[in-house]
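Chains as they are written, first to last, in my numbering: chain A, 523 to 1075; chain B, 63 to 287; chain C, 1059 to 1396; chain D, 2 to 146.
Below is one structure, written out as structure tokens, with a few remarks after it.
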Amino acid sequence: MSVAATASGRVPHYLEAGKGIKSWLVTLDHKRIGVMYLWSVLGAFLLGGLAAILVRTELWSTGQTIMDANAYNRMFTLHGAAMVFLFIIPSVPAALGNILLPIMLGAKDVAFPRLNLASYYIYLVGALFALAAIAFGGVDTGWTFYTPYSTSDKVANTAVMMTFAAFVLGFSSIFTGINFIVTVHKLRAPGITWFRMPLFVWAIYSTAILQVLATPVLAITLLLFMVERTFGIGIFDATIGGDPVLFQHFFWFYSHPAVYIMILPGMGIISELTSTFSRRPIFGYTAVAFSSVALAIFSFLVWGHHMFVSGQSEYASALFSFLTFFVALPSGVKMFNWLGTMYKGSISFASPNLYAMAFMFLFSIGGLTGIFLGALSTDVHLTDSYFVVAHFHYVMMGGTIFAFFGGIHYWWPKTFGVTYNEGLAKIAVALQFIGFNITFFSQFILGTRGMPRRYFNYPPDFEELHRISTIGSYIVFAGFLLTAWYLIASLRKEKNAGDNPWHSVALEWQTSSPPPVENFVETPKIKHGPYDYDHPDAAPLVLASASSNRKAS
Amino acid sequence: MSGSHHDNPYLAHHFDTPRQQLEANKLGIWLFLGQEIMFFSALFVGLMIFRSWYPQMYHTAAHELSVPQGAFNTIVLICSSLTMALAVRWAQMDVPNNNRTVFWLCLATFALAGVFLVVKYFEYSHKIHVGTLPGKFFDPSNPEFPAALKQFDNAKLFFGFYFCLTGLHGIHVLAGMGVIGWIMVRARRNEFNSKNFAAVECVGLYWHLVDLVWIFLFPLLYLVG
Amino acid sequence: MDRVTDPTFWMPKGASTVAGDVDQLYYFLYWLSVVLFVGIVGAMTWFALRYKRKSETEIPHGPHHNTVLEVTWTVIPLILVMVIFVWGFRGYLRMVVAPGDAMVINVTAQQWQWSFTYPNGVVDAMDERKDKQPVNGAKDMPVLRVPAGRPVKLVMRSNDVLHSFWVPEFRVKHDIVPGQYSMVWFNAIEPGDYRVFCTEYCGQDHSMMMATVMVMKPEEFDAWLKKKGGEVGGGDPVAAGALLYKTKACGGCHSTDGKPSVGPTMKGLFGRKEEITDGQPVTVDENYIRESILEPRAKLVKGFGPVMPESYGNKGPADQQLSEKQVESLIAFIKSLK
Amino acid sequence: MAHASVSADHGHHDDEQHIAHVTPIKVYFAVWAALIVGTVITVAVSYVDFNVILGVPNVNLFVAMIVAITKALLVCAFFMHLKYDNKIFAVTFASAAIFLAIFFLLTFSDLMTRGQVDDKQGTFVKDHRAQQQVAPSATPQRSAH
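Given below as structure tokens:
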């Protein structure tokens, strides 16, 4: 295999392939583009995280704590918009997907390398517009930009700038999606049949379908919003016969699938982590693969469940509620199959797997509380309250972000060739996990008891729970600062990771770490699935890497 | 580029065969066309909703559009689709002067697109003249404002959709003219042959989509009011 | 479920007739979630500890798939979620279909204020009770008074942007969309005070947009309403008329600044000589105004269409009809617009 | 060379160098003629008002859409080569059309059924539509009060 050919060190890896800033800015190498995305989205995560901490600090006490209502409203909008558009949507697909998808397929690059670089620059342009909107006074509409408030003259014109930023970012996402779909269809190495693709690839593929078919609707919706605001064409304006609720339909037609753009790749990561660290094939591989596609398709059918009390017709609400429940099935299938994978495995407690287990814990809560919101009568009480806030943070943060950080830790040696301080990593996972639960579990209680969302000010009887939540958020923040510290520190070390520190049979670990420019010295020929630890061809790989490597963790 | 190990100069380094590359390019452009459909979707959905909410307004407003001009433009676009399809056909063939033929067919397509935009210009300027414009430019006090529309304040909705849809479509026509021009330049350089025609085919596919959108736009805006 | 339920660890007090239903489903889902969560996380923890990696060269062997098991854990959830759907749907139907005899109270929401209009035209926007202090600097605290044990239907409209009406103790919530009448109904079981929140983000003071629902004994409510009805606008008919002009949204069609809109402006209207559609002259006096309000299509001023709703007179539904006193107030208000 | 393998999901055995399918010229002209005829039909039909036939509403819309869909299929099949090409392209394009249909149907499931549960609910717009037969003039919100 190619491992032997590269171990001699004759082939330079992609980080050495060119020196200087210019070699990065004009690179067409998917791994370098992925690394640039990685730093960019982590920057956005820091921005959104700081906003979150300020929001939580303001909520320490009723009334004004550190900022006034105006600043608070801008702050939670900044938090939402930065986290959704700048961080979570591009996080796993654009950063980890770019680094790994071609390697996992045994391809030399994505199908359209130039388009890939263009996507990154489009992302940067969008991010600049978003930052400009913040710099010129910020936006206080919430990340959903609901009309008619957002089109009213009470909202500054920075709203147009912010929506334009989201519009531009959308095209970055669309082009990434096109690139990945074509790569999966046309660039798989010999032997990689559809059902020998890693589940991460299945997840990214399903995500890409959503990116290509749902994101344009966001683009046209935001375009209509801008036209409406500028020229008053009236589509969303009730006073001249339009319909404000129509904006919500258009918005959620994208933004519900967008929830799956955010969570599906995370689920893909968990499949990889669970298999590697249980050293077992994914239990019911086919079911898990199809569940990704099923989630992608179902996600187009259920957007109206964000609108049960919005003035949408009762018939539509009933229909959307009915369809919504079908989403529970593929989500459940994934969860049960991961458990099946762990059963009789050889389970390692390395930090990426701790993230994976934290994901299963948190995503279970996120998923189960989704049932409360899908059922019509309980949703009427719970929607637009802190219950919803807690629910989607359990899914988005407890789900996607924990999976993303699990993936970063897992593929850190692959990407940069270095290992991080495993002891600190374990402490960081613990801080993030405990802090997260303190922050958001208290919000379930708040919401059920009657605390509405997006409130600067609140009645005093909610103060105690808000304080608990705020303390939790500081713990989470400390956890992420610790992670940032040891990851950055690791980059200064010499390349010490070895090619396959986790003893995985997955294809991306069968080339050197970091990989060479075209990923493999020779096009790999695949004879077994990505997780076949007990396959006669694969088992020796594990044993060989286990004996040749230094300590794994 | 490390494509030196290929003997085909048109093959990019990360592809193994010309067919793989062609199909990848075409799948890419088809996905792009899929996203274009969804890009136009919300406008069509909104248009149809307001049509069923305000049938009389829609009926009256649609009758202010010029069917002869719309129909003429439909014919123009259909013809341009034909010339574009023929251009792709010639690009695919290794016959003498095929690049010349591609050039002239593309020029014809380009010219027909220009005709389309000129007709569009006359339609727009008429509307600007009589004040049937979207949103805040809607002006019933204009002396030449159509009398039948005066009773419909919300007719500005119809013209909002009219201008958004045709405007967005017009931008696509302009973009199409741009990429067709690029093909013409490359045809002048004799770049196309049976091994290298993906660019022409992809531009062709895009141009047919512009036609497809108009095939639906024309009856929905002009005819079914 | 026609009794008030005490607050639990999760749910606030249940004070309307639909609350019991919602809470039952909530707690069913809650315990179902607890069971599933303990099952999943318990299994995960058990596997992680039981199958902890013992050596770096260990290659475990176990099942790759099990069709029976996989079908089971798809079908059982399917049955469960269908049960939950039907349960939630039935509760929802009760929430959206108001009893026919419900008392209608009109609710107007605007940034960042609630106002409530009762069937007899009484408008209650501000708190008048000394014991209701506004929460944390909210500018004022409007009070919605409702009788206990009778169904109340709120017909809600917004003057500007989206708002949402939520009383956690009643478990009812509905967005208020400009251009639509939105509706919630409830039957509050026992007298008491409850908070109303705006739950759809509506701008700067969104979090100050609260009100109190004051559930009163039915006979006290009736007495209060009757007393208030007798003194609309505190004896100043112009002020009362101005309030009606606002709450009935007359301004949508009739300006007070002299510009004609859908209907004639009210500025300087009184005493003006107009020409009606058949060319006859008419002088705008009390009788003409009264007739135009109650039977708007009887005599139309030339240039204006027959678009004013006829619901203010006795053709309209009871909750929209104007009382004699209200018409008088409106006439006084129009007279004042010189 | 070790690069002869095609990884993609199709079973073509054509010569690597002949990757194009050249459509006969008369097919193009036949399609073109059909498109022109379709246009003429839609325009002609639009001058006949059969908006309600035997109680079925929107007949004009129905006819126009049938013709437009036929035209679109012709363009897709022949001008865009879907008839001869790898089926994955047709699947891609069709899936966009399917999601467009879903968008239409589910959005309409709301906007066409508002205010049917409760007579007080629903849009002012709806009241306006009811009045439109009598006096189609004012904006919806104004006419509601």
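The beta carbon of each residue, even a glycine, is placed where N, CA and C say it ideally should be.
With respect to I703 of chain A, A730 of chain A sits close: the two C-beta atoms are nearer than 8 Å. With respect to the C-alpha of D1021 of chain A, the residue from A:F812, A:T808, A:V940 having the closest C-alpha is A:V940.
Beyond the five residues adjoining it in sequence on each side, D1060 of chain C comes within less than 7 Å, by CB distance, of T1075, I1247 in the same chain, given in chain order.
The beta carbon of V824 of chain A sits closer than 7 Å to those of H778, F842, L845, T846, V849, all from its chain and outside the five residues before and after it, given in chain order.
Annotated three-state conformation of T961 of chain A is helix, per DSSP.
Per DSSP, the continuous alpha helix (DSSP H) segment holding M789 of chain A begins and ends at 766-800. I621 of chain A sits close to T937 of chain A, with the two beta carbons spaced by under 8 Å.
Taking 8 Å as the Cβ-Cβ cut-off, the segment 799-828 of chain A approaches chain D at F822, L823, W825, G826, given in chain order. Under the three-state reduction of DSSP, F214 of chain B is assigned to coil, being neither helix nor strand. The way I'd put it, the segment 581-588 of chain A doesn't touch the segment 686-699 of chain A; fewer than three beta-carbon pairs between them come closer than 8 Å. The shortest CA-to-CA distance from F978 of chain A to any of A:D590, A:A574, A:K544, A:W1007 is the one to A:D590. The C-beta separation of L1087 of chain C from F894 of chain A comes to about 5 Å, placing the pair in contact by the 8 Å criterion. Contact between F79 of chain D and S143 of chain B does not hold, since the beta-carbon distance rounds to 10 Å and is not under 8 Å. For L1029 of chain A, there are no C-beta contacts with chain D under 9 Å, since the nearest C-beta of that chain is about 14 Å from it. Between L109 of chain B and F184 of chain B, the gap from beta carbon to beta carbon reaches 8 Å or more. Sequence-ordered contacts of the segment 87-104 of chain D with chain B read N87, I89, F90, T93, F94, S96, A97, A98, F100, L101, F104 [C-beta pairs closer than 8 Å]. For P1062 of chain A, the secondary structure class from DSSP, reduced to helix, strand or coil, is helix.
K1110 of chain C reaches chain A at S868, I869, S870, F871, counting residues in chain order whose Cβ is nearer than 9 Å.
K856 of chain A sits close to V810 of chain A, with the two beta carbons spaced by under 8 Å. Secondary structure of F30 of chain D (DSSP, three-state): helix.
Y782 of chain A is a Cβ neighbour of A818 of chain A, given a cutoff of 8 Å. By the CB criterion at 8 Å, F805 of chain A and H1123 of chain C fall inside the cutoff. The beta-bridge partner set that DSSP reports for R151 of chain B is empty. Note on geometry: alpha-carbon atoms of R248 of chain B and V164 of chain B lie some 10 Å from one another. Between G570 of chain A and A617 of chain A a beta carbon distance of about 15 Å is seen, past the 8 Å cut, so the two are scored as non-contacting.
In the three-state scheme derived from DSSP, where H, G and I count as helix and E and B as strand, G193 of chain B is classed as coil. Listed as beta-bridge partners of W1172 of chain C by DSSP are C:A1167. Distance check between P615 of chain A and each of A:M558, A:R596, A:I742 places A:M558 closest, using alpha-carbon atoms only. When secondary structure is reduced to three states using DSSP, D1021 of chain A falls in the coil class, being assigned neither helix nor strand.
Rounded to the nearest angstrom, the gap between the Cα atoms of R113 of chain B and F109 of chain D is 12 Å. Against F775 of chain A, the close residues of chain D are F104, in the order they occur along the chain (beta-carbon pairs closer than 7 Å). Close to chain A, meaning a Cβ-Cβ distance shorter than 7 Å, are the following residues of the segment 78-96 of chain B: Q82, E85, A86, L89, G90, L93, F94, G96. Chain-order list of chain C residues neighbouring M879 of chain A: M1102, A1106, by C-beta distance under 7 Å.
In this structure the segment 790-809 of chain A lies against the segment 923-934 of chain A, because at least three pairs of beta carbons, one per stretch, are closer than 8 Å.
Around the beta-carbon of W561 of chain A, fewer than 16 other beta-carbon atoms lie within 10 Å, marking it exposed. For I99 of chain D, the closest alpha carbon among the candidates B:S256, B:I99, B:H75 is that of B:I99.
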